[in-house]
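Enquirer:
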Amino acid sequence: MNGGDEVVAAPAGPPQPLEWKFSQVFGERTAGEEVQEVDIISAIEFDKSGNHLATGDRGGRVVLFERTDAKDHGGSRRDLESVDYTISRHPEFRYKTEFQSHEPEFDYLKSLEIEEKINKIRWCQTANGALFLLSTNDKTIKYWKVQEKKVKKISEMNVDPSKAIANGCISSIASSSNSSSPRPSYLANGGSPDKSYSYLTNDFPFPPGGIPSLRLPVVVTSHETSLIARCRRVYAHAHDYHINSISSNSDGETFISADDLRINLWNLEISNQSFNIVDVKPANMEDLTEVITSAEFHPTHCNMLAYSSSKGSIRLVDLRQSALCDTHAKLFEEQEAPGSRSFFTEIIASISDIKFGKDGRYVLSRDYMTLKLWDINMDSGPVATFQVHEYLRPKLCDLYENDSIFDKFECCLSGDGSRVATGSYSNLFRVFGCTPGSAEATTLEASKNPMRRQVQTPARPARSLGSSLTRVVRRGADSPGVDANGNSFDFTTKLLHLAWHPTENSIACAAANSLYMYYA
1 MNGGDEVVAA PAGPPQPLEW KFSQVFGERT AGEEVQEVDI ISAIEFDKSG
51 NHLATGDRGG RVVLFERTDA KDHGGSRRDL ESVDYTISRH PEFRYKTEFQ
101 SHEPEFDYLK SLEIEEKINK IRWCQTANGA LFLLSTNDKT IKYWKVQEKK
151 VKKISEMNVD PSKAIANGCI SSIASSSNSS SPRPSYLANG GSPDKSYSYL
201 TNDFPFPPGG IPSLRLPVVV TSHETSLIAR CRRVYAHAHD YHINSISSNS
251 DGETFISADD LRINLWNLEI SNQSFNIVDV KPANMEDLTE VITSAEFHPT
301 HCNMLAYSSS KGSIRLVDLR QSALCDTHAK LFEEQEAPGS RSFFTEIIAS
351 ISDIKFGKDG RYVLSRDYMT LKLWDINMDS GPVATFQVHE YLRPKLCDLY
401 ENDSIFDKFE CCLSGDGSRV ATGSYSNLFR VFGCTPGSAE ATTLEASKNP
451 MRRQVQTPAR PARSLGSSLT RVVRRGADSP GVDANGNSFD FTTKLLHLAW
501 HPTENSIACA AANSLYMYYA
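Residue numbers 1 to 520, in full-length UniProt numbering, belong to the letters of the sequence shown in order.
#1: For the alpha helix (DSSP H) holding L396, just list the boundary residues, first then last.
#2: What's the call for R122, buried or exposed, on a 16-neighbour Cβ count within 10 Å?
#3: Should L324 be labelled buried (16 or more other beta-carbon atoms within 10 Å of its own) or exposed?
#4: Looking only at its own chain, which residues have a Cβ that is under 7 Å from the Cβ of T370, when we skip the five neighbours before and after it?
#5: In whole angstroms, what is the alpha-carbon distance linking V431 and L444?
#6: Once DSSP output is grouped into helix, strand and coil, what is the label at M378?
#7: Tell me which residue opens and which closes the beta strand (DSSP E) that E346 is part of.
#8: May I ask you to verify whether the region 19 to 33 touches the region 513 to 520, counting CB pairs closer than 8 Å and requiring at least 3?
#9: Helix, strand or coil: which one does DSSP assign to L268?
#10: Go ahead and pull the three-state DSSP assignment for F409.
#11: Could you say if the region 147 to 155 and the region 236 to 246 meet the contact criterion of at least three C-beta pairs nearer than 8 Å?
#12: Sorted by chain position, which residues of the same chain lie with C-beta nearer than 8 Å to H242's C-beta, five sequence neighbours on each side aside?
#13: Quick one: what's K145 bridged to in DSSP?
#14: When DSSP builds the beta bridges, which residues end up paired with G56?
#15: Is DSSP giving S404 helix, strand or coil here?
#16: Using the rule of at least 16 other Cβ atoms within 10 Å of the residue's Cβ for burial, across every protein chain shown, is H223 buried or exposed?
#17: Just the C-alpha distance for N272 and G252, rounded to the nearest angstrom, thanks.
#18: Does M517 come out as helix, strand or coil in the three-state DSSP assignment?
#19: What does DSSP give as the partner residue(s) for Q36 in the beta ladder?
#20: If I measure Cβ to Cβ from R366 and keep anything under 6 Å in the same chain, skipping five residues before and after, which residues do I get?
#21: Label E440 either buried or exposed according to how many other C-beta atoms from any shown protein chain fall within 10 Å of its C-beta, with 16 as the threshold for buried.
#22: Would you mind reading off the limits of the beta strand (DSSP E) that contains T97?
#23: By Cβ distance below 8 Å, which residues in the same chain neighbour N264 in space, the five residues on each side in sequence not counted?
#24: Where R419 and Q321 are concerned, what is the direct C-alpha to C-alpha distance, given to the nearest angstrom?
#25: In three-state DSSP terms, what is E19?
#26: According to the Cβ coordinates, are S101 and V62 closer than 9 Å?
#27: Going by CA-CA distance only, name the one from R230, I270 and L134 that's closest to S248.
#28: When you compare only the Cα positions, how much space is there between E296 and I40?
#29: Taking the continuous beta strand (DSSP E) assigned at K330, which residues delimit it?
#30: Closest by CA to T435, which one among D375, S424 and Y400?
#31: Below 8 Å on the Cβ atoms is my guess for R396 versus F344; work out the distance and round it to an integer in Å.
#32: Hey, could you find the ends of the beta strand (DSSP E) T126 is sitting in?
#33: Would you identify the three-state DSSP class for M369, choosing helix, strand or coil?
#34: Where does A459 land, buried or exposed, given buried means 16+ other C-beta within 10 angstroms?
#35: What is the DSSP secondary structure of Y391, counted as helix, strand or coil?
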């Protein structure tokens, strides 16, 4: 105002769809190569900085990768600050180390075999240059410390190594052949091969005057370093059912673990005690109607966590309300349309994964058919629904017969919260824009040419929820024998696990034993 014309900024439109490019692949299969069951990746997780990536596999191994491009810029901080352009390089990672996290076990009390497969990996806060992470199989959680240690070597030996024989003895023959005058020969630890000294007996007598050539070995620290993974804690015997989730708390001291019926709260430093904070087990197991499928701590509020159920609901829990959080603070669920119920309704409504956005305002959930985005301040329904498997609806009977309908797909959000992603069959994954007005719905293939099967699927707004919030429903193609892009689908190749880099548009996803990375 103030006498001048008021300038009104034009509202910014939705961001343009990203163009995804192949970055790297680790463990790529050659044509016709058979995949070993133990090599199939079962968990992926970036750390908070995005400089490290961890994967777990069905063989109980954890493999760590570290970012390399961020270290290659060189120059001092002052030089980098004086550069007036941004360094536009996509994240590049290299293999860092791997270790055996879990081994196969057998529960003799229940006659139950416990497989070594890694179900989840979660990073913890770093300290003193060391990396800390939690990994779990069906029953046991482990807390790992991975640290670079300098290699220690022996720089001086007592004797000439070329003359040493077993146990450090030097043969008298070798000694006498190298000397014209007869000199006594000695052992590495000060003994003598002369039988009069009885060097093989436990009560070794020193000769009069001592041993003239005794030199103790000197241990020095070399410039070489090696990565050592050490298990700091083992959290066991706290779950009767299979662990489906673990989640680190923002307080850096605690974490939760969840199975079908209970959620336990642990302190990282105490492995022999946990607190049961959620218990949905009924007095009579015949009354059981739903189970816990996933649980996650709020990214910034250490007193809040969310867990999902097999009935398609999400419950928000506040640890300040009571020690046992059986009564939730908020319940998020979508009412089913009247007359739409079928035999498969409850199965496909089961939520397989939930993730908080970076700021904790939104929760993303994945059920068999859809991705749903929820605002924790609005429990009337999701703010956006993205159709992932709508084209499979006519095939639900077949999917039930071959157990594919029980596949548990993960989901993830971009660091800025503007996009979401999840996996599908035929090694495909979908990326959706979730800002108001965005029609982005990209299908990518886990291969070196991710856009090979790309066809944009149109967005169809369902109903408005106000000026700023719009519920968006995206439909795929409805042809029963093909996927959303007209390609025949393959239920044996499924992309269950993927993760979005916390600060950049970069996605890591697992196709069997191969880790693919893409950037935009």
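Backbone N, C-alpha and C fix where the C-beta goes; we use that ideal spot for every residue, glycine too.
These numbers were taken from a predicted model, which means no experiment stands behind them.
Expert: In brief:
#1: For L396, the enclosing alpha helix (DSSP H) starts and ends at L396 to E401.
#2: Buried.
#3: A residue is called buried when at least 16 other Cβ atoms come within 10 angstroms of its Cβ; L324 does not meet this threshold and is exposed.
#4: Counting only Cβ-Cβ distances below 7 Å, and skipping sequence neighbours, we find T385, F386, Q387 and V388.
#5: If I take the Cα positions, the gap works out to 8 Å.
#6: Three-state result, M378: coil.
#7: Segment T345 to A349 is the alpha helix (DSSP H) holding E346; no beta strand (DSSP E) there.
#8: Counting Cβ pairs under 8 Å, three or more are found: they touch.
#9: In this structure, L268 counts as coil in the three-state DSSP scheme.
#10: In the structure shown, F409 sits in coil (DSSP, three-state: anything other than H, G, I, E or B).
#11: Cβ pair count under 8 Å is below three, so no.
#12: Closer than 8 Å at the Cβ level, and outside the excluded window around H242, lie N119, D138, K139, D259 and D260.
#13: Note: K145 sits in a beta bridge opposite F132 and R230.
#14: Answer by DSSP bridge pairing, in chain order: A43 and V62.
#15: In this structure, S404 counts as helix in the three-state DSSP scheme.
#16: A residue is called buried once 16 or more other Cβ atoms fall within 10 Å of its Cβ, and H223, having fewer, is exposed.
#17: Answer to the nearest angstrom: the Cα atoms are 19 Å apart.
#18: Three-state result, M517: strand.
#19: The partner list for Q36 (beta bridge, DSSP) is empty, contrary to what the question assumes.
#20: Shown here for R366: same chain residues with a beta carbon closer than 6 Å to its own, the five before and five after excluded, namely S352, D353, F409, C411 and T422 in chain order.
#21: Counting other Cβ atoms within 10 Å of its Cβ, E440 reaches 16 or more and is therefore classed as buried.
#22: T97 -> beta strand (DSSP E) spans F93 to Q100.
#23: Non-local beta-carbon contacts of N264 in its own chain, meaning distances under 8 Å to residues more than five positions away in sequence, involve A238, H239, I256, S257, A258, S274, F275, N276 and I277 in chain order.
#24: Approximately 33 Å between the Cα atoms of the pair.
#25: Of the three classes helix, strand and coil, the one that applies to E19 here is coil, per DSSP.
#26: Taking the C-beta atoms as reference points, V62 is found nearer than 9 Å to S101.
#27: For S248, the nearest C-alpha among the options comes from L134.
#28: Between E296 and I40, the C-alpha separation is close to 25 Å.
#29: The continuous beta strand (DSSP E) containing K330 extends over residues K330 to F332.
#30: Taking the Cα of T435 as reference, the smallest distance to any Cα among D375, S424 and Y400 is reached at D375.
#31: The sequence as given places Leu at residue 396; Arg does not occur at that position. Correct: roughly 5 Å between the Cβ atoms.
#32: Where T126 is concerned, there is no enclosing beta strand (DSSP E), given that its DSSP letter is neither H nor E.
#33: Residue state, collapsed to three classes: coil.
#34: The pLDDT assigned to A459 is 40, lower than 50, so where the model puts this residue is not dependable, and the model offers no usable value.
#35: In the displayed model, Y391 falls within a helix according to three-state DSSP.
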